[in-house]
Amino acid sequence: MPVTTIGGREVHVDDEGFLTEYDEWSEDLAKVLAENIGIAELSDGHWKVINFLRSDFQEQGETATLRRVSTVGGVPTKELFQLFPKKPARKMSYVAGLPKPAGCI
Amino acid sequence: MNDAPIVPDFGDEGEERKIAFVCSKGTLDMAYPALIMASGALEQGVETHIFFTFWGMDMINKETTGSLKFTPVGNTTATRQAHMPMIFTAFPGIASIATSQMKKQLEALDIPDVPTFLTHLTDMGCHLWACKMSVDMFGLTEDDMIDELEGIMNVADFIELIDGAQTMFI
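Those sequence lines, one after another, are chains B and P. Position 45, counted from 1, in the first sequence is what the working numbering calls 169; the numbers after and before it change by one each time, with no gaps. Position 34, counted from 1, in the second sequence is what the working numbering calls 51; the numbers after and before it change by one each time, with no gaps.
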């Protein structure tokens with residue numbers, strides 16, 4: 125696994141750059157991850173998604189899909205596209221320090 | 018160790034992709050391929066269009082969208098899985114049993130039913146179009162079809178619309 129320095133900290137990532145260690149993530153790191161992909165500031169809306177993804181991952185062992193974030197996490201799909209433009213599933217996972225969702229829907 | 022952090026390339030700067038599906042089938046099993054692939058495309062930020070034609074009109078007809086059926090007639094996989102000789106597949110009631118079986122399998126995977134799925138797609142920005150000729154042929158109007166439908170379109174306009182799109186006929 126590659127190691128990279130993000131926000132002055134060494135973290136383990138996969139070949140694409142997604143964090144691989146759940147516990148290496150922090151809220152401060154999330155801000156830097158977001159900046160890396162062009163999200164200048166994390167709003168309350170972003171945090172609602174990130175916090176849901178983190179806790180759901182702990183329970184389920186996998187990253188929630190967009191549909192799960194909307195039906196279980198309570199964030200409408202339209203809003204997800206506003207918060208994480210164009211590729212919300214991957215972008216939200218990246219900022220939350222989780223792998224890409226494995227599910228298809 | 019790298020100096021620059023490894024950051025995923027989300028292709029935000031790349032060329033705009035476009036994808037189109039033509040749905041020509043009205044059975045439950047043939048409704049899902051386009052729905053699932055369209056959802057994947059939309060998640061990847063790809064402009065997505067679905068054109069419903071012929072039996073595919075059942076997918077967007079208010080009366081039928083929620084009650085599409087699956088029939089194992091002529092389906093070698095279904096008969097193998099059910100250990101059923103093909104001749105029995107045409108018997109009354111078999112399609113209902115096969116349909117409810119398939120719905121259970123989809124539900125177990127948390128895959129929404131067709132009407133919910135279509136709403137999910139349009140929430141993600143999907144464009145749904147009905148084929149003008151099919152609308153005329155089946156004597157339908159826009160009122161007969163789901164609210165998520167963007168419009169009725171003739172084939173010339175659709176061909177123009179999908180200029181440069183990767184297109185799949187289902």
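Where a beta carbon is used, it is the ideal one built from N, C-alpha and C, also for glycine. What you are looking at is a predicted structure, and each value in this text was computed from that prediction instead of being measured.
query	result
Cβ separation of B/Thr201 and B/Ser194, assumed to be a contact under 8 Å, to the nearest whole Å	5 Å
Cα-Cα separation, P/Glu167 to P/Thr70	14 Å
Beta-carbon neighbours of B/Ala146, restricted to chain P and to distances below 7 Å	Checking the sequence shown, residue 146 of chain B turns out to be Tyr, not Ala. Those do not exist, as B/Tyr146 stays about 18 Å from chain P at its closest Cβ, beyond 7 Å.
Close beta carbons around B/Phe205, own chain, < 8 Å, minus the five adjacent residues each side	Pro212
When P/Thr82, P/Phe105, P/Lys35 are compared against P/Glu165, the one with the closest alpha-carbon	P/Thr82
Sequence ranges, alpha helix (DSSP H) only - wholly within the region 34-62 of chain P, length at least 4	45-60
Per-residue burial, P/Glu32 [other beta carbons within 10 Å of its own, 16 or more giving buried]	exposed
Straight-line gap, P/Phe175 to P/Leu135 (C-alpha atoms, nearest Å)	19 Å
Straight-line Cα distance separating B/Met216 from P/Val160	The amino acid occupying residue 160 of chain P in the given sequence is Asp; Val does not appear at that position. Approximately 38 Å between the Cα atoms of the pair.
Helix, strand or coil at P/His66 according to DSSP, with G and I counted as helix	strand
Residues near P/Met150 by beta carbon distance below 8 Å, same chain, minus five either side	Thr70, Asn171, Val172
C-alpha distance - B/Leu166 paired with B/Gly197, whole-angstrom precision	18 Å
Neighbour flag for P/Asp26 against chain B, beta carbons, 9 Å	yes
Per-residue DSSP class, three states only, for B/Ala226	coil
Coarse secondary structure for B/His136, derived from DSSP in three states	strand
Every unbroken alpha helix (DSSP H) inside the region 170-210 of chain B [4 residues or more]	190-195, 201-207
Collapsed DSSP secondary structure at P/Ala107 in the structure displayed	helix
Buried or exposed by the 16-neighbour rule on C-beta atoms within 10 Å, applied to P/Asn19	Interpretation of P/Asn19 is limited by its pLDDT of 49, a score under 50 that renders its predicted location unreliable; no figure is taken from the coordinates.
Short CB-CB distance (under 9 Å) between B/Thr187 and chain C	Absence of chain C from the displayed structure is noted, the protein chains being B and P.
Short Cβ contact (9 Å threshold) for P/Val90 with P/Thr106	yes
Contacts of P/Met141 in chain B (Cβ-Cβ under 7 Å)	Thr201, Phe205
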